[in-house]
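Right, one structure below, let's go through it.
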Amino acid sequence: VNDGANVEFSGDVAVNTTNTSGRYNFYVAGNSTLTIKEGNFSFSKRDNKRAYIYVAAGSTVYVEGGNFGKPSTRSGYSAGIMGDGDVIITGGTFEFDPSNWVADGYQAVKNGSKWYVTPDNGVVAATAEELKAAIENAVDGSAIFITPATFEGTFVVNKNISIKSVNPANKATIKGRVQ
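Numbering of the sequence shown is given in this note's numbering, commencing with residue 115 and proceeding in unit increments.
Right under this line is the structure:
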């Protein structure tokens, strides 16, 4: 993305190249803007990978969702995001810590080996037991974000809360009863 472009992206990207210019899923420069809505982003197992996003000074990347795999193991590239531009994250699932780029009013929550970006009032649940505990401990106005999985059981909701998928592209399923 270059030369003042304003691009919105939804889809999947897998980098599988030995070309030195193709080591990023997204390269944003020249006072451009990229908004990543959703998708699955990964690298091949080759050793030349660098980062998912490179954003040059003067450019901005907004990440609203998507699944970002493991970062590079290459020295100096393990952050997953590089460059001097602005990256503002308000959603998504990451196999690296995105905390440095999370927008005000949002948080990066680690659950297992993944990081989930949610609003500040959000709790992430990855199992039926975690969902039950989150519902029990929630206060009115709380948000519970569930990972893409199937949650089975009886869930008693007796307060004003919201339960949403952390990734609308990969929906979660609740099987059983919600009371």
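We put the CB at the ideal spot given by N, CA and C, even for glycine.
Source: prediction; values computed, not measured.
Review point. Using the rule of at least 16 other Cβ atoms within 10 Å of the residue's Cβ for burial, across every protein chain shown, is Ile243 buried or exposed?
Key: Residue 243 is actually Glu in this sequence, not Ile. Glu243 comes out exposed.
Exercise for review: Within the same chain, show all residues whose beta-carbon is closer than 7 Å to that of Ser135, passing over the 5 residues directly before and after it, in chain order.
Suggested key: The pLDDT assigned to Ser135 is 49, lower than 50, so where the model puts this residue is not dependable, and the model offers no usable value.
Practice item. My understanding is that Trp229 touches Phe208, with C-beta atoms under 8 Å, so please give their C-beta distance in whole angstroms. Key: 4 Å
Review point. Would you call Gly180 buried or exposed, if buried means 16 or more other Cβ atoms sit within 10 Å of its Cβ?
Key: buried
Check your understanding: Using 8 Å as the Cβ pair cut-off and three pairs as the minimum, do the segment 137-150 and the segment 168-179 touch?
Key -> Taking 8 Å as the limit for Cβ pairs, the verdict is that the segment 168-179 does touch the segment 137-150.
**Study point:** Nearest candidate by alpha-carbon position, reference Asn235, set Val271, Ser276, Ser192
**Key:** Ser276
Review point. Do you know how far the Cα of Val115 is from the Cα of Ala165?
Key: 16 Å
Review point. What residue from Ala263, Val253, Glu178 has the CA that sits closest to Ala239's CA?
Key: The option with the nearest alpha carbon to Ala239 is Ala263.
Check your understanding: What are the boundary residues of the alpha helix (DSSP H) that Lys246 is part of?
Key -> 242-251
Review point. Roughly how many angstroms separate the alpha carbons of Val121 and Val216, rounded to a whole number?
Key: Between Val121 and Val216, the C-alpha separation is close to 20 Å.
Practice item. Put Asn120 into one of helix, strand or coil per three-state DSSP. Key: strand
**Study point:** Residues near Asn225 in its chain [Cβ-Cβ closer than 6 Å; skip 5 each side]
**Key:** Val238, Ala240
Exercise for review: Have a look at Ile167 and Met196 and give me their C-alpha separation to the nearest angstrom.
Suggested key: 6 Å
Review point. Any idea which residues DSSP pairs Ser173 with across the strands?
Key: None; Ser173 has no bridge partner.
Review point. To the nearest angstrom, how far is it from the Cα of Pro185 to the Cα of Gly206?
Key: Using only the alpha carbons, I get a separation of about 15 Å.
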